[in-house]
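Have a look at the structure below before the remarks.
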Amino acid sequence: MADPKRQAEEKLENMSPDKKQEILESFDEFQNYLNDKIQKGEKLGLSEEHLAKGAERVAEYLKNHEEPKNSEEKLLQEMWKVSDDDEKHKMAHTLVKLAKKEGN
Numbered sequence: 002m003a004d005p006k007r008q009a010e011e012k013l014e015n016m017s018p019d020k021k022q023e024i025l026e027s028f029d030e031f032q033n034y035l036n037d038k039i040q041k042g043e044k045l046g047l048s049e050e051h052l053a054k055g056a057e058r059v060a061e062y063l064k065n066h067e068e069p070k071n072s073e074e075k076l077l078q079e080m081w082k083v084s085d086d087d088e089k090h091k092m093a094h095t096l097v098k099l100a101k102k103e104g105n
């Protein structure tokens with residue numbers, strides 16, 4: 002069985018630089034990207050727990066591979082860096098809720 006963390010990283014690594022730039026350029030675009038992925042996950046029957054784990058993988062990738070493009074992303078990155086695993090998991094749930102709210 003494929004490693005979901007590795008699959009998420011590969012998908013993000015294979016994204017075109019222009020698409021990454023577009024998503025990361027504004028926090029609204031980032032939220033729209035998350036909302037789109039959340040909606041697709043919900044259509045596949047993923048629980049909020051699975052969606053939060055996906056958000057954790059995206060956040061971890063961004064922390065390790067991308068520079069924040071705006072103050073909101075910088076704040077999230079700094080919070081992510083100092084958080085323990087439990088706090089990161091709670092933040093991921095909050096990001097899912099925020100992206101779902103913004104998508105409505």
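So for the sequence shown, the numbering used here puts the first residue at 2; every next one is plus one. From the three backbone atoms N, C-alpha and C, an ideal C-beta is built for every residue, glycine too.
query                                                                                                             : result
Residues near glycine 42 in its chain [Cβ-Cβ closer than 8 Å; skip 5 each side]                                   : His51, Leu52 and Gly55
The segment 91-101 contacting the segment 9-25, beta-carbon criterion three pairs below 8 Å                       : no
Simplified DSSP state of asparagine 36, which is helix, strand or coil                                            : helix
Whole-number beta carbon distance between lysine 101 and isoleucine 39, since they are thought to touch under 8 Å : 6 Å
Beta-carbon proximity check, lysine 82 vs lysine 98, cutoff 9 Å                                                   : no
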